[in-house]
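Undergrad: So that we are looking at the same thing, I have put the structure below in structure tokens.
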Amino acid sequence: MNYLSSFTLPSSMDRNPNVYPDTVFRSFAGEALYFDRITVVYGNNGSGKSSLLNLMANKLGLAGAERIKSYGYTDYVQRFLQQSRIQLELERAEGGQGRLPEGSRYIKSEDILYEIKKIQQKAVLREGLLFENRSKGMTQEQAETHSNSPAFAKQMGIIQFSQEKYSNGETAMQFFEEHLHPGRLYLLDEPETSLSPANQIKLAEQINELARFLDSQFVIASHSPFMLGTLHAKIYNLDRASLQTAEWHELENVRFFYDFFNQRRSLFED
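In terms of the numbering used here, the sequence shown opens at residue 15 and continues consecutively.
Here it is in structure tokens:
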């Protein structure tokens, strides 16, 4: 199911190269993105794909939107948001007032890394405390029982407060399994962060299923060949001079991977 129908950028933008976000999207002035169940915004670093998602999140008032500051006397960001237009599917179909489903949100790559660190920290601390209690004479069963007590929770809280964060690992899939639900709109900024190629494909398949069978809609910023090649998505290429859609195998980043391995094909063949 579609909740978000289109997003139209302001038709007039400041030509000053120091004015943000106008300087990033000037070549797309007045153009619109039309959304499918899954829409990918592709582009190399500096193309504006992450900025576009954050601007949309601010326009929609989504949880997770990051407030953008303007400097000087003119609030260029607020002007950009006011002059942009967003249309929800209900508005387009019925002429009524559209409304996003509760729980819709914008998930940034920074959010994923932060949550991963929290999950890892808690797991490491819990195992450390269990080991410490066993070393003090508790049996395994006693230590596990104690781990569910208020005293254990208090001990965990004290240590967590004073400990530094632990290093990242391959726990991003757990984050998505817990945070992606049916019947919602999600804006995802580079969800491939911290995922192996195999898990990127697994996540893309999960997104396909949520969109096709469970009434979720996704707008995703990504340049991962594995995500791009697996998602059943409309793809906008922000590396072009105007807003144009493209097939995943036409994109520069994907072609780079293809050329790299094709030049070394003999190494993979018997």
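Beta carbons: idealized from backbone N, C-alpha and C, even for Gly.
(1) Look up residue 235 in the DSSP assignment and say whether it is helix, strand or coil.
(2) Enumerate, from N- to C-terminal direction, the unbroken beta strand (DSSP E) stretches of 3 or more residues contained entirely within the segment 194-246.
(3) Beta-carbon within less than 6 angstroms of residue 100's beta-carbon, same chain only, minus the 5 sequence neighbours each way: which residues are those?
(4) Please classify residue 280: does DSSP put it in a helix, a strand, or coil?
(5) Go to residue 72, then tell me how far its alpha helix (DSSP H) extends in each direction, as first and last residue.
(6) So, for residue 37: in the same chain, excluding its five sequence neighbours on each side, which residues have a beta-carbon less than 6 angstroms away from its beta-carbon?
(7) Would DSSP call residue 102 helix, strand or coil?
(8) Straight-line CA distance for residue 213 to residue 121?
(9) I need the boundaries of the beta strand (DSSP E) containing residue 93, first residue and last residue.
(10) Short check: CB of residue 203 to CB of residue 64, under 8 angstroms?
(11) Mapping DSSP to helix, strand and coil, what is residue 20?
(12) Determine the closest residue to residue 241 out of 218, 235, 280 and 248, with distance taken between C-alpha atoms.
TA: Reading it off the structure:
(1) Counting from one through the sequence shown, the residue named residue 235 turns up at place 221. If DSSP states are grouped into helix, strand and coil, residue 235 belongs with the strands.
(2) 199-203 and 231-235
(3) As a first step, residue 100 is located in the sequence shown; it is residue number 86 there, counting from the start. Around residue 100: 21 and 73.
(4) Against the sequence shown, residue 280 aligns to sequence position 266. Helix.
(5) Reading the sequence shown from its first residue, position 58 is the one you call residue 72. Element bounds for residue 72: 63-74.
(6) Start at 1 with the first residue of the sequence shown, and residue 37 comes out as number 23. Within the same chain, residue 37 has close Cβ partners 31.
(7) Residue numbering aside, residue 102 sits at position 88 when the sequence shown is read from its first letter. In this structure, residue 102 counts as strand in the three-state DSSP scheme.
(8) If you number the sequence shown from 1, residue 213 lands on position 199. If you number the sequence shown from 1, residue 121 lands on position 107. Residue 213 and residue 121: Cα-Cα distance of roughly 18 angstroms.
(9) For the purposes of this step, residue 93 is taken as residue 79 along the sequence shown, with counting starting at 1. Run containing residue 93: none in the beta strand (DSSP E); it sits in the alpha helix (DSSP H), 90-97.
(10) Translated into the one-based positions of the sequence shown, residue 203 becomes position 189. Translated into the one-based positions of the sequence shown, residue 64 becomes position 50. It is a contact, given that the beta carbons lie within the stated cut-off.
(11) Mapped onto the sequence shown, residue 20 falls at position 6. Residue 20: strand per DSSP, three-state reduction.
(12) Your numbering for residue 241 matches position 227 in the sequence shown. It is 218.
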